[in-house]
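Beneath this line is the structure, given in structure tokens, with notes to follow.
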Amino acid sequence: MEKIIEEDKQGTAVVLEHNATNTRKLYIESYGCQMNFSDSEIVASILAKEGFNTTNNMEEADLVLVNTCSIRDKAEQTVRKRLEKYNRVKERKNPNMKVGVLGCMAERLKSKFLEEEKIVDMVVGPDAYKDLPNLVAEIDEGRDAVNVLLSKEETYGDIAPVRLNSNGVTAFVSITRGCDNMCTFCVVPFTRGRERSRDPHSILEEVNDLWNKGFKEITLLGQNVDSFLWYGGGLKKDFKKASKMAKATAVDFAQLLHKVANAHPDLRIRFSTSNPQDISDDVLHAIAAHRNICNYIHLPVQSGSNRILKEMNRLHTREEYMNLIDRVHAIIPECAVSQDMITGFPTETEEDHQDTLSLMEYVKYDYGFMFSYSERPGTMAARKLEDDVPEEVKSRRLSEIIAVQRRTGHERAQYFVGKTVECLIEKESKKSDRHWAGRNTQNYVAIFDKEDYKVGEYVMVEITDCTSATLKGKAIGYSDMKGPLTYDTV
Ligand code: SAH
Ligand code: F3S
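Quick note on UniProt numbering: the sequence shown kicks off at 1 and runs consecutively.
This is the structure:
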């Protein structure tokens, strides 16, 4: 097991409300991070204006798009296998279908894709989706089409994304694109380009629109949300050169949180991903100040060893990270924290690995996403360091950190047993049509009898039992939305 959650969502084909005048059919699949799923909503929105309705049946699609991930070799292999599948469908059932590759793998491989995979007609990088109408016109004429230009400005702030596969309750809102951090193992700065922030007005407009449509929870998305900085547009790195006025009226992530939280006090707010070197105490205070900002921070650390952190170009030490965790708990009572961890980074010794385990024991993470190091072409680590930890050592270390995560996750979940927590009902439980699944502020899924409650309602749930990531209980009434979110209010 490489990744603990969200595995079931990978690859979902998406469907949206149909526009009666549209005649062509689009089948779109997404892999990888939440940002890719969010980008696919932008792509579907752009193509809806070009006459495409989505379908979940590849065999009837005029255009098949796959939004791809490059983060690990395995993610790329998954996409290669999907291309084989598309090829079979094209040969046997749908000879006229065209295939386009979007996202990080498109950006990484560029026109090489056209040489390597004969099924591919179109290659589009993450900053080039507005060019899709032209690119589709090209492939309609029988020519291959490629646009992998990265942009300094593009944030798609002016595109209203259609909501794909939506439960009508939770939605993603992207706030930054790209990443400037240059962690040595990571391909993202190469595939998604320089970091830029989206205009807060357009963020708030999108949030208002979601609220008016009945959504109850939004997740603000970025590769590194803490680094959000709006000063009238442009790259984060150019802020130094901005005018005095632009500097004085700039909006950072903590201020953005205050704005969004104040706009709709009954709309829950989550955000992802935080970065330990960029999250400020102002952000922690903003979370504590608003009851509708969820008490949950995804705070990847990657390693517990100072030497490895340095090799990874993570710009903090183990001690600074532990200190940050202490401040999180001091400022936000009952805050849940999750991690991303990489085992077997080049030169990682047994001692480094023990440092990771002891850091995990210190933090007692609620959840985690743990990976074996996968060398990515072009990254600093690939250029400078030999991938020298044997596969079996990587996977043994991975199972050791997964075991610690399971245990601390279970301990943390047990904390809620006997307590009453506020949950937002999202959907039916996967395992039973008699139960709802909702999440509490700490992002734990709670399962309880449906009774007369409905999707989108906030309810108080008495927790009676738990597994390592799921709470079980009984709803005992509606939440008043005025009391604290997780204490024994009833
Ligand atoms: N800031 C990003 C991180 C993107 S990558 C975000 O929004 O989530 C997600 C996680 O994948 C990273 O935190 C890291 O743990 C893992 N990862 C990235 N590159 C990797 C590599 N080369 N090998 C293994 N895992 C990797
Ligand atoms: Fe990657 Fe590090 Fe940015 S993990 S996305 S380079 S913060």
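From the three backbone atoms N, C-alpha and C, an ideal C-beta is built for every residue, glycine too.
Is the CB-CB distance between tyrosine 27 and alanine 61 below 8 Å? To locate residue 27, count along the sequence shown from 1; it is residue 27. To locate residue 61, count along the sequence shown from 1; it is residue 61. Taking 8 Å as the Cβ cut-off, tyrosine 27 and alanine 61 qualify as a contacting pair.
Cysteine 104, enclosing alpha helix (DSSP H) - first and last residue: For the purposes of this step, residue 104 is taken as residue 104 along the sequence shown, with counting starting at 1. Counting along the chain, cysteine 104 sits inside the alpha helix (DSSP H) bounded by residues 104–109.
Quick one, are the C-beta atoms of asparagine 167 and isoleucine 119 less than 8 Å apart? The sequence position of residue 167 within the sequence shown is 167, counting from 1. The sequence position of residue 119 within the sequence shown is 119, counting from 1. By the CB criterion at 8 Å, asparagine 167 and isoleucine 119 fall outside the cutoff.
Examine the ligand F3S and report whether any of its heavy atoms sits within less than 7 Å of the Cβ of glutamine 223. One-based indexing of the sequence shown puts residue 223 at position 223. Closer than 7 Å to some heavy atom of the ligand F3S: that describes the Cβ of glutamine 223.
Reduced DSSP secondary structure (H/G/I, E/B, other) of glutamate 422: Along the sequence shown, one-based indexing puts residue 422 at 422. Residue state, collapsed to three classes: strand.
Using the Cα positions of aspartate 387 and aspartate 226, report the straight-line distance between them to the nearest angstrom. Start at 1 with the first residue of the sequence shown, and residue 387 comes out as number 387. Start at 1 with the first residue of the sequence shown, and residue 226 comes out as number 226. The straight-line gap from Cα to Cα measures roughly 31 Å.
Run the CB neighbour count on arginine 92, radius 10 Å, all protein chains shown included, and call it buried at 16 or more, exposed below. Within the sequence shown, residue 92 is the residue found at index 92, counting from 1. By the Cβ neighbour-count rule, arginine 92 is exposed, with fewer than 16 other Cβ atoms within 10 Å of its own.
In this structure, does DSSP put glutamine 255 in helix, strand or coil? Here residue 255 refers to the residue found at position 255 when the sequence shown is read from its first residue. Assignment of glutamine 255 by DSSP, reduced to helix, strand and coil, places it in the helix class.
Please name the residue, chosen from Pro346, Ala336, Gly304, that lies closest to leucine 357 on a Cα-to-Cα basis. For the purposes of this step, residue 357 is taken as the residue at position 357 of the sequence shown. Leucine 357 has its Cα closest to that of Gly304, out of Pro346, Ala336, Gly304.
Can you tell me whether proline 377 is buried or exposed, with buried defined as 16 or more other CB within 10 angstroms of its CB? One-based indexing of the sequence shown puts residue 377 at position 377. For proline 377, the number of other beta carbons within 10 angstroms of its own is below 16, and it is reported as exposed.
Which of helix, strand or coil DSSP assigns to phenylalanine 228: Here residue 228 refers to the residue found at position 228 of the sequence shown. Three-state result, phenylalanine 228: coil.
Give me the DSSP bridge partner(s) of lysine 98. Locating residue 98 in the sequence shown gives position 98, counting from the first residue. Beta-bridge partners assigned by DSSP to lysine 98: Leu63.
Do isoleucine 401 and glutamate 348 have their C-beta atoms within less than 8 Å of each other? Against the sequence shown, residue 401 aligns to sequence position 401. Against the sequence shown, residue 348 aligns to sequence position 348. No, the Cβ-Cβ distance between isoleucine 401 and glutamate 348 is not below 8 Å.
Can you grab the Cα-Cα spacing for the pair leucine 471 / threonine 441, in whole Å? Residue mapping note: residue 471 aligns to position 471 of the sequence shown, counting from 1. Residue mapping note: residue 441 aligns to position 441 of the sequence shown, counting from 1. In this structure, the straight-line span from the alpha carbon of leucine 471 to that of threonine 441 is close to 13 Å.
With C-beta atoms as the reference, is valine 337 less than 8 Å away from isoleucine 279? By one-based count along the sequence shown, residue 337 stands at place 337. By one-based count along the sequence shown, residue 279 stands at place 279. It is not a contact, given that the beta carbons lie outside the stated cut-off.
Which residues in the same chain have their Cβ closer than 7 Å to the Cβ of glycine 473, if we skip the five residues on either side of it in sequence? Numbered from 1 along the sequence shown, position 473 holds the residue referred to as residue 473. Exclusion of the five residues before and after glycine 473 leaves Ala446, Phe448, Val461, Glu462, Ile463, Thr464 as the residues of its chain whose Cβ lies within less than 7 Å of its Cβ.
Is glycine 368 helix, strand or coil when you go by DSSP? Here residue 368 refers to the residue found at position 368 of the sequence shown. Collapsing the DSSP output to three states places glycine 368 in a strand.
Could you tell me which whole beta strand (DSSP E) segments of length 3 or greater appear in the segment 291–335? Listed in chain order, the complete beta strand (DSSP E) runs (minimum 3 residues) inside the segment 291–335 are 296–298.
Given a cut-off of 8 Å on the beta-carbon distance, is the pair glutamine 302 and aspartate 266 in contact? Here residue 302 refers to the residue found at position 302 when the sequence shown is read from its first residue. Here residue 266 refers to the residue found at position 266 when the sequence shown is read from its first residue. One thing to note: glutamine 302 has its Cβ no nearer than 8 Å to the Cβ of aspartate 266.
Classify threonine 249: buried if its beta carbon has 16 or more other beta carbons within 10 angstroms, exposed otherwise. Residue numbering aside, residue 249 sits at position 249 when the sequence shown is read from its first letter. Residue burial is scored here from C-beta neighbours: threonine 249 has fewer than 16 other C-beta atoms within 10 angstroms and is therefore classed as exposed.
Leaving out five residues on either side along the sequence, give the residues of the same chain with a beta carbon under 7 Å from the beta carbon of lysine 90. As a working note, residue 90 is residue 90 in the sequence shown. Taking C-beta separations shorter than 7 Å and ignoring five residues to either side along the sequence, the partners of lysine 90 in its chain run Met97, Ile119, following chain order.
Secondary structure, beta strand (DSSP E): runs of 3+ residues fully inside the segment 190–247: With a minimum length of 3 residues, the continuous beta strand (DSSP E) runs that stay inside the segment 190–247 are 217–221.
Residue from Leu299, Ala403, Gln34, Leu210 with nearest C-alpha to tyrosine 321: Within the sequence shown, numbered from 1, the residue matching residue 321 stands at position 321. Ranking Leu299, Ala403, Gln34, Leu210 by Cα distance to tyrosine 321 puts Leu299 first.
Does the beta carbon of phenylalanine 172 come closer than 8 Å to any beta carbon on chain D? The displayed structure is made up of one protein chain only, and chain D is not part of it.
Can the beta-carbon of asparagine 417 be found closer than 8 Å to that of cysteine 466? Indexing the sequence shown from 1 puts residue 417 at position 417. Indexing the sequence shown from 1 puts residue 466 at position 466. Reading off the sequence shown, one finds valine at residue 417, where the question assumed asparagine. Yes, they are a contact pair.
Run through DSSP, which three-state label would leucine 149 get? Counting from one through the sequence shown, the residue named residue 149 turns up at place 149. In this structure, DSSP gives leucine 149 a state outside helix and strand, which the three-state scheme calls coil.
Distance CB(serine 197)-CB(isoleucine 218) smaller than 8 Å: Counting from one through the sequence shown, the residue named residue 197 turns up at place 197. Counting from one through the sequence shown, the residue named residue 218 turns up at place 218. No.
Residues that DSSP places opposite histidine 435 in a beta bridge: Taking the first residue of the sequence shown as position 1, residue 435 is located at position 435. Residue pairing for histidine 435: DSSP places it in a beta bridge opposite Asp449.
Serine 151 versus Asn443, Ala44, Ala128, residue with shortest Cα-Cα distance: As a first step, residue 151 is located in the sequence shown; it is residue number 151 there, counting from the start. If we check each option's Cα against that of serine 151, Ala128 comes out closest.
Beta-bridge pairing of isoleucine 463 - partner residues as DSSP gives them: Translated into positions along the sequence shown, residue 463 becomes position 463. Answer by DSSP bridge pairing, in chain order: Gly473.
Proximity of alanine 145 and glycine 125 at Cβ, strictly below 8 Å: Looking up residue 145 in the sequence shown gives position 145. Looking up residue 125 in the sequence shown gives position 125. In this structure, alanine 145 keeps its C-beta atom at 8 Å or more from the C-beta atom of glycine 125.
From which residue to which residue does the alpha helix (DSSP H) around tyrosine 362 run? Taking the first residue of the sequence shown as 1, we reach residue 362 at position 362. 350–363 is the extent of the alpha helix (DSSP H) around tyrosine 362.
Taking the alpha carbon of glycine 456 as the point to measure from, which residue in Tyr444, Tyr478, Ser468 has its own alpha carbon closest? What you label residue 456 is simply residue 456 of the sequence shown in a count that begins at 1. Closest in C-alpha terms to glycine 456, from the list Tyr444, Tyr478, Ser468, comes Tyr478.
Between asparagine 36 and the ligand F3S, is there a pair consisting of the residue's CB and a ligand heavy atom that are separated by less than 7 Å? Numbered from 1 along the sequence shown, position 36 holds the residue referred to as residue 36. Flag unset: Cβ of asparagine 36 not near the ligand F3S.
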